[in-house]
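Residue numbers (the working numbering), protein chains in the order written: chain W, 1 to 362; chain D, 363 to 650.
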């Protein structure tokens, strides 16, 4: 069971919602659609489901063209951001509903419903009505409804957004485990880079209706094809600093210099934009190569046991992602250490020309 | 430790007591006052206890009116609720058509009761009314002024025309409140149109339907103006509902004592039916 999108576009009222997407999903794969709000994640899922028809292009399942086949004649499931269950049916009947519509025998329905409910740990609530359950259990019910039938494609449209942090982590882990044993294609839309990383599998980065990059999640994370992908796929977004490469050294904004190291030596002299992940900049040097940079604190954003430190020097802004709680006051002068061997370099048109080695991926 | 009593808060509640007293309790007590006394003038009054109530309870004219009233109310509920739901389901949901449909559906609601009666009085006449003329064309000897059944049906039809839009608008708002994803999910489940209605739309409409049924029941149970204008309660007593009987008694015959007793019984009937209906629905929902 494979799902292939060939040059798929969707135009609504003259506005391009999906722009020429080519995507091929393998049987048994877990695929994350990563993109901000309005990047086209839901629209793309609706096309995959057959809820909408693409304006151009072709959708193939197992090599068969299903572009014009309506959702009723496809075998898919979908889980939504909202907890969608039939309000006046018990949890049992909710989970059983797709099977009943498929005219399955009662004993088979019963077996499957109980098995799926057990898997999602809602087997003790089968007689309840959905509204008597907590949000997490309601969403588990909706997931059970999606998983109970043998769908070829299961679509998750930001299913964990409306749940609290703890439940989200728990369900995310279970979800991944549930799919290990299955041979269907799972597609999971999210706005959060960290969620994509936690789910692993493959990631497709969407931006303004365009598919920027698709590949193994770690590969996409470590070797983003261009600067937008790199910005989309890191939280906080990757720091971008304009710079110049000469025969012997790298200059940031005419002011900060360092010797061209072995990593960056293959770069042609010229203008580049350098990316550095927020977690790679430190308050103490990690190696002799690290560039000391005097900066001024704008804001220390403390989130749980992590701190996002926003700083600037006269020429550019930086964000540091530090573990632990660090308190600084505004305009405090500090020194940060810039890892010169962990730099991404993008050329003037934004394409990746150098990625730091030894970070994983390929 | 002694408890410090501070009764100043009562002053804050006082306005509510005053408003409720003037809006409900004092008028109602006046009626109670009349229902247990025989009053000739402010200085001549006799306490009669439950005599008026006994008289009212055994009055066969009132029994007939009560039965007529129940048949009428349940008939219009049986027509207006399903029809209102059907209209709401058929109304367009977006674009210019939606606003247009809303306005068109709402028009009957904007017409005052006595005007509605007048409209149908003219509309139904065979000589000058479209409806009457149409029935005559169809070969039906339709005459609401002389045929009791025709008169009754006309009042029903008039009420359906006047009030189905209310049910339709309530249901329409209820339907709009259902997120689009429910319908999507149903399509993915391959659910039929009927299943969508039965398992998504109807359950989500329960709350507005409770309001709709209660409003329509109370209103239709108190119907007065339209039959008064259209038929004056006739021919015979075929469209004499409870309110007509009450007015005939209170103003026509000036039997204020029995009329007051009757008012209270009338009030209690409405209260009782609404309560029974409401608790039944609530229990049904709880059982599920």
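For each residue, glycine too, the CB sits at the ideal point set by N, CA and C.
{"Check": "Contact check, residue 244(W) vs residue 275(W), beta carbons under 9 Å", "Outcome": "no"}
{"Check": "Residue 566(D): contacting residues in chain W (beta-carbon distance under 7 Å)", "Outcome": "87"}
{"Check": "Neighbourhood of residue 611(D) by C-beta, 7 Å cutoff - its chain only, sequence neighbours within 5 removed", "Outcome": "617, 620, 621 and 624"}
{"Check": "CA nearest to the CA of residue 132(W), picked from 63(W), 111(W) and 89(W)", "Outcome": "89(W)"}
{"Check": "Distance CB(residue 631(D))-CB(residue 522(D)) smaller than 9 Å", "Outcome": "no"}
{"Check": "Closer than 8 Å at the beta carbon, the chain D residues around residue 165(W)", "Outcome": "Correct list: empty, because the minimum Cβ distance to chain D is about 24 Å."}
{"Check": "is_contact[residue 467(D), chain W] using C-beta, thresh 9 Å", "Outcome": "no"}
{"Check": "Residue-chain proximity (residue 236(W), chain D), Cβ-Cβ < 9 Å", "Outcome": "no"}
{"Check": "The region 584-594 of chain D / the region 511-520 of chain D touching (three or more Cβ pairs under 8 Å)", "Outcome": "yes"}
{"Check": "Whole-angstrom distance between residue 92(W) and residue 122(W), CA atom to CA atom", "Outcome": "10 Å"}
{"Check": "Residue 221(W) - DSSP class collapsed to helix/strand/coil", "Outcome": "helix"}
{"Check": "Alpha-carbon spacing of residue 357(W) relative to residue 186(W), whole angstroms", "Outcome": "31 Å"}
{"Check": "Whole-angstrom distance between residue 290(W) and residue 542(D), CA atom to CA atom", "Outcome": "54 Å"}
{"Check": "Buried/exposed call for residue 156(W), threshold 16 Cβ in 10 Å", "Outcome": "buried"}
{"Check": "CB contact below 9 Å: residue 71(W) versus chain D", "Outcome": "yes"}
{"Check": "Chain C within 9 Å of residue 97(W), Cβ atoms only", "Outcome": "The structure shown has no chain C; the protein chains it does contain are W and D."}
{"Check": "Residue 633(D) to residue 580(D) span [Cα, whole Å]", "Outcome": "9 Å"}
{"Check": "Nearest residue (CA-CA) to residue 467(D), options 449(D), 370(D) and 475(D)", "Outcome": "449(D)"}
{"Check": "Endpoints, the alpha helix (DSSP H) within which residue 92(W) is located", "Outcome": "91-101"}
{"Check": "Residues near residue 361(W) in its chain [Cβ-Cβ closer than 6 Å; skip 5 each side]", "Outcome": "For residue 361(W), the predicted model reports a pLDDT of 38, less than 50, meaning its position is unreliable; a value from the coordinates is still stated below. Within the same chain, residue 361(W) has close Cβ partners 218, 219, 222 and 223."}
{"Check": "Start-end ranges of the alpha helix (DSSP H) lying completely within the region 58-133 of chain W, minimum 4 residues", "Outcome": "91-101 and 106-119"}
{"Check": "Segment contact, 8 Å Cβ cut-off, at least three pairs: the region 132-141 of chain W with the region 14-33 of chain W", "Outcome": "no"}
{"Check": "Those residues which DSSP pairs with residue 294(W) across a bridge", "Outcome": "335(W)"}
{"Check": "Alpha-carbon spacing of residue 295(W) relative to residue 39(W), whole angstroms", "Outcome": "34 Å"}
{"Check": "Sequence ranges, alpha helix (DSSP H) only - wholly within the region 177-202 of chain W, length at least 4", "Outcome": "193-199"}
{"Check": "Runs of beta strand (DSSP E) lying entirely within the region 444-517 of chain D, each at least 3 residues, in chain order", "Outcome": "none"}
{"Check": "Chain D contact for residue 78(W) (CB, 9 Å cutoff)", "Outcome": "yes"}
{"Check": "Secondary structure of residue 346(W), DSSP reduced to three states", "Outcome": "strand"}
{"Check": "Residue(s) in a DSSP beta bridge with residue 16(W)", "Outcome": "11(W)"}
{"Check": "Chain W contact for residue 539(D) (CB, 9 Å cutoff)", "Outcome": "no"}
{"Check": "Alpha carbon of residue 233(W) to alpha carbon of residue 239(W), nearest angstrom", "Outcome": "12 Å"}
{"Check": "As assigned by DSSP and simplified to three states, the class of residue 399(D)", "Outcome": "strand"}
{"Check": "Rounded C-alpha distance that separates residue 483(D) from residue 85(W)", "Outcome": "50 Å"}
{"Check": "Chain D within 9 Å of residue 357(W), Cβ atoms only", "Outcome": "no"}
{"Check": "Members of the region 464-492 of chain D that neighbour chain W once the beta carbon cut-off is set at 9 Å", "Outcome": "none"}
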